[in-house]
């Protein structure tokens with residue numbers, strides 16, 4: 040069996056990415072320089088001399104942009120005397136030009152116009168070193184400061200972040216290219232950490248990315264929210280502008296997530312997965328030890344998950360959407376680690392047996408293998424993720440069948456009651472007097488249900504927002520694709536949210552067979568299945584939520600009949616380990632010998 044010759048790592052066009060980052064970085068630097076110039080001017084002007092001035096002329100200039108917005112600029116001509124000499128000037132504020140940030144321009148014009156009409160003097164500030172230089176308003180405009188800071192952080196973070204990623208990525212790509220040339224038939228040696236057999240957790244990079252994204256998001260969201268509040272409550276503008284307040288709320292969630300990622304990194308350090316052999320083998324095993332440079336105190340053990348994931352990109356008109364499909368997954372619960380007597384370090388054994396039917400890691404097909412480790416602790420939960428090399432090699436065995444696991448003595452003992460409780464299920468006596476009755480209650484996973492509910496509300500609200508914004512009608516044909524896409528997403532997300540909140544099923548299992556009742560509010564019709572008609576009961580992955588080590592895959596429990604038909608016994612079981620436990624419970628109630 041020969042391995043794929045493609046290194047399973049993406050190689051984006053780093054030169055293009057570097058060029059793409061330059062305009063963003065330039066805008067960030069330019070806005071920063073502009074802001075610094077205004078601050079320096081403000082500090083310099085604090086020593087200027089206050090002098091009476093006569094307003095000769097005051098105007099408010101306005102202009103409209105292509106989006107229908109209006110900008111304003113207050114202009115003036117004024118005369119003043121300083122040390123016996125008469126001067127005229129036109130400078131109104133520190134920031135020149137027109138804008139619509141806040142109400143400074145309108146307020147300045149109103150004041151200057153009143154003084155022009157009344158003939159009363161207005162104060163100006165004169166540079167004693169150069170009396171021909173004067174200004175009417177020398178204070179900083181904090182709305183403008185926040186506006187420019189938003190550009191500085193947003194564009195600066197994006198520009199220099201992309202630039203750093205491009206430089207480091209190009210360096211890493213060169214290393215991988217060299218290794219690929221040296222090992223053309225061994226793609227598992229194309230990455231330095233894979234070749235060394237020591238893979239670092241992605242937690243450090245995750246923390247960096249989350250911090251950068253949180254800064255980028257909030258640099259835009261906070262100034263936008265401030266401007267929206269000012270527009271609605273102080274200028275009595277369009278109330279729909281308050282929709283901008285949702286963005287700082289998301290920004291707050293991102294900040295909390297970034298802080299948690301940093302705290303987790305600081306507490307647990309960088310975990311390393313040391314492979315027993317490189318690579319992991321399809322039709323064989325992936326084995327090794329996760330080394331954590333600190334002691335993890337936990338009563339719940341370590342939950343290991345090995346996932347074969349395919350990233351799917353779907354084209355939808357002018358936009359692309361990306362999703363991850365779990366092609367294969369296995370989970371283990373490790374109760375005992377290897378360094379129990381070591382007070383400073385933790386070592387977690389890993390051994391997964393991988394069926395021959397699984398697929399190799401492959402960049403062209405966007406298939407990757409991911410090892411995840413999680414553990415609940417009294418304060419901050421441990422979580423680590425590793426991208427691992429798993430391939431079909433000459434050692435792959437087409438007849439491979441998973442057997443007894445050599446590290447099974449480290450596994451947590453099977454506890455059906457605890458597993459059912461963790462899955463949110465309720466076990467009751469069977470109505471037949473034999474076997475058991477499993478109840479899949481509604482709203483078992485309220486966190487996922489709430490997340491999908493919020494997403495459904497946001498996506499569903501967009502078409503209505505566009506409708507009312509356009510005066511109660513679909514006036515712009517260009518808006519229709521946008522409305523249709525968001526509307527469809529809203530319908531799909533609403534259905535998923537309702538299913539998570541209200542789906543309920545009951546499975547009555549006995550040696551005679553199964554009686555299944557399932558549907559929203561548990562109102563579906565009863566389906567009676569004889570034991571002789573059941574081929575097998577299998578967990579089927581249907582939905583995922585979260586990211587990285589926090590990603591959860593939810594499984595449905597399907598009953599496969601001799602006719603080939605699949606009947607849904609239950610939904611939304613979190614994780615393969617718990618799904619297998621539910622299957623074992625149903626099979627045990629039926630009697631394993633009853634299944635073909």
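In my numbering, the protein residues as written are 40 to 635. The beta-carbon is built from N, C-alpha and C at its ideal position, and this holds for glycine as well.
Cβ contact annotation for residue 191 (same chain, cutoff 8 angstroms, sequence separation greater than five): 67, 70, 71, 74, 258, in chain order. Runs of the alpha helix (DSSP H) lying entirely within the region 469–504, each at least 4 residues long, are absent. A check of alpha carbon separations from residue 110 across 91, 136, 92, 397 identifies 136 as the nearest. Taking the Cα of residue 424 as reference, the smallest distance to any Cα among 201, 245, 613, 618 is reached at 245. Rounded to the nearest whole angstrom, the C-alpha separation of residue 152 and residue 145 is 10 angstroms.
DSSP places residue 388 in the strand class (E or B) of the three-state scheme.
The Cβ neighbour count for residue 256, taken over all protein chains shown within 10 Å, is at least 16; the residue is labelled buried. Annotation for residue 128: the continuous beta strand (DSSP E) segment containing it runs 124–128.
For residue 488, the closest alpha carbon among the candidates 312, 451, 533, 445 is that of 533. Secondary structure within the region 534–620: not one fully enclosed alpha helix (DSSP H) run of 4 or more consecutive residues is present. The closest CA to that of residue 551, considering only 395, 474, 114, is found on 474. Straight-line measurement puts the Cα of residue 373 at about 7 angstroms from the Cα of residue 343. Inclusion of residue 409 and residue 426 in the CB contact set at 8 angstroms is warranted, their separation being smaller than that value.
For residue 298, the three-state secondary structure derived from DSSP is helix. From the listed residues 463, 148, 295, 239, the smallest Cα separation to residue 313 is found for 239.
Look at residue 91 here: in three-state DSSP terms it is strand. Counting along the chain, the unbroken alpha helix (DSSP H) around residue 210 starts and ends at 181–221. If the five residues before and after residue 95 are omitted, its C-beta is found closer than 7 angstroms to the C-beta atoms of 116, 117, 118, all from its own chain and listed in chain order. Restricting attention to alpha helix (DSSP H) runs no shorter than 4 residues, the region 375–420 encloses none. Minimum Cα-Cα distance from residue 147 among the listed residues 121, 303, 178 corresponds to 178. If the five residues before and after residue 112 are omitted, its C-beta is found closer than 7 angstroms to the C-beta atoms of 100, 136, 137, 144, all from its own chain and listed in chain order. Under the three-state reduction of DSSP output, residue 326 falls in the strand class. Check the Cα spacing between residue 441 and each of 284, 345, 350, 324: the tightest is with 324. Cβ neighbours of residue 217 within its own chain (closer than 6 angstroms, five residues either side excluded): none.
Bounds of any beta strand (DSSP E) do not take in residue 151; it lies within the alpha helix (DSSP H) bounded by 143–157. For residue 177, DSSP records no beta bridge to any residue.
Straight through space, the alpha carbons of residue 559 and residue 375 are spaced by roughly 41 angstroms.
The region 461–476 and the region 590–602 do not touch, with fewer than three beta-carbon pairs separated by less than 8 angstroms.
Excluding sequence positions up to five before and after residue 525, its CB lies within less than 7 angstroms of the CB of 498, 501, 502, all in the same chain and listed in chain order. Judged by their CB atoms, residue 163 and residue 92 are nearer to each other than the 8 angstroms cut-off. Residue 305 sits in a helix when the DSSP states are folded into three classes. Under the Cβ criterion (8 angstroms, minimum of three pairs), the region 376–385 does not count as touching the region 394–408. For residue 134, same chain residues with a beta-carbon under 8 angstroms away, outside a window of 5 residues either side, are 77, 180, 183 in chain order.
DSSP places residue 316 in the coil class of the three-state scheme, outside both helix and strand. Here residue 98 carries a strand assignment [DSSP, helix/strand/coil].
With fewer than three CB-CB distances shorter than 8 angstroms, the region 167–175 does not count as touching the region 205–221.
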